[in-house]
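Following my numbering, the numbering of the sequence shown begins with 172 at its first residue and continues without gaps.
What follows is a short report on a single structure.
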Amino acid sequence: INHKTNKQADLVKVRQSYAEITATQRRLLKQKEQADALGEDWYGRAQLALQAGKEDLAREALSRRQQQVDQSNSLTAQIDQQAESIDQLYEGMQTLEAKIMDAKAKKEQMVARARTAQSTQKVNDMLSGVTGKTSMDAFSRMEEKVEALEAAAEVSAEMGSMGNALPGGSSIEKEFALLEGKSAVDDELARMKGLLNPSSSSAAGGEKKSSGNPDVDAEMEKLKRDAGL
172 INHKTNKQAD
182 LVKVRQSYAE
192 ITATQRRLLK
202 QKEQADALGE
212 DWYGRAQLAL
222 QAGKEDLARE
232 ALSRRQQQVD
242 QSNSLTAQID
252 QQAESIDQLY
262 EGMQTLEAKI
272 MDAKAKKEQM
282 VARARTAQST
292 QKVNDMLSGV
302 TGKTSMDAFS
312 RMEEKVEALE
322 AAAEVSAEMG
332 SMGNALPGGS
342 SIEKEFALLE
352 GKSAVDDELA
362 RMKGLLNPSS
372 SSAAGGEKKS
382 SGNPDVDAEM
392 EKLKRDAGL
């Protein structure tokens with residue numbers, strides 16, 4: 172981390188130097204343009220003085236022009252020198268930026284590898300715990316409990332189905348059983364009333380009924396006689 176911090180500090184310094192030299196280069200270029208322009212002006216004045224027959228004035232103008240030419244040449248040399256420095260700084264800046272990016276990428280890779288290793292270690296620890304004797308015993312006990320619950324559920328379901336199949340196992344079947352039993356009792360009571368009161372039975376039926384069994388009919392007649400009917 173300290174190494175990366177040092178490189179970043181160096182990069183900041185290089186960028187500052189690059190900015191300063193670039194600004195100086197621009198000022199030199201502007202000064203050269205001004206010197207060239209002044210040289211052209213003095214050259215024009217020298218021509219004008221010579222046309223007017225004033226050689227001394229023309230010579231002075233040419234002297235001033237030469238000063239501007241010398242200034243322009245000096246500025247050109249400085250500009251060329253600055254250009255080399257700017258190129259070197261730019262290349263150094265690019266190299267330093269590449270190194271910093273490479274260091275950053277390597278750091279991210281190392282962090283990712285460390286996280287992967289930690290995750291793998293946790294999984295291995297979990298698997299190691301699961302495969303231990305204590306964990307296997309716990310799984311066995313859990314499996315036994317589940318099997319016991321499943322067996323109890325099956326027995327409960329079988330008992331329920333058997334209960335529905337037995338008489339009275341259904342509420343509907345119970346109701347029908349009560350109705351059927353009540354109907355049978357009522358029929359038997361009506362039959363006995365008819366035996367005890369043949370007149371009402373005859374009025375209701377319109378004629379004497381026979382059971383279709385001679386023995387039963389004879390027994391019925393005997394009961395009537397004994398009852399005074």
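Beta carbons are placed, not taken as given, at the ideal position from N, Cα and C, and that holds for glycine.
Taking C-beta atoms as the reference points, Leu-367 and Met-391 fail to come closer than 8 angstroms. Rounded to whole angstroms, Glu-204 and Arg-198 show a C-alpha spacing of 10 angstroms. Cβ-Cβ distances below 7 angstroms link Leu-200 to Ile-250 in the same chain, with the five nearest sequence neighbours on each side left out; the list follows chain order. By the Cβ neighbour-count rule, Gln-239 is buried, with 16 or more other Cβ atoms within 10 Å of its own. Ile-257 and Gln-187 have their C-alpha atoms spaced approximately 12 angstroms apart. Residue state for Asn-384 is assigned as coil, using DSSP reduced to three classes. When Ala-324, Ser-311, Glu-211, Met-264 are compared, the shortest CA-CA separation from Ala-180 is found for Met-264.
Check the Cα spacing between Ala-217 and each of Gln-237, Gln-252, Asp-273: the tightest is with Gln-237.
As the crow flies, the alpha-carbon of Met-313 is around 11 angstroms from that of Leu-320. With at least 16 other beta carbons inside 10 angstroms of its own, Gly-210 counts as buried. Counting the other Cβ atoms within 10 Å of the Cβ of Leu-394 gives fewer than 16, which makes it exposed. Going by C-alpha positions, Asp-397 is about 45 angstroms away from Ile-343. Non-local beta-carbon contacts of Thr-193 in its own chain, meaning distances under 8 angstroms to residues more than five positions away in sequence, involve Ile-257 in chain order. Of the other Cβ atoms in all chains shown, 16 or more fall within 10 Å of the Cβ of Ala-206; this residue is therefore buried.
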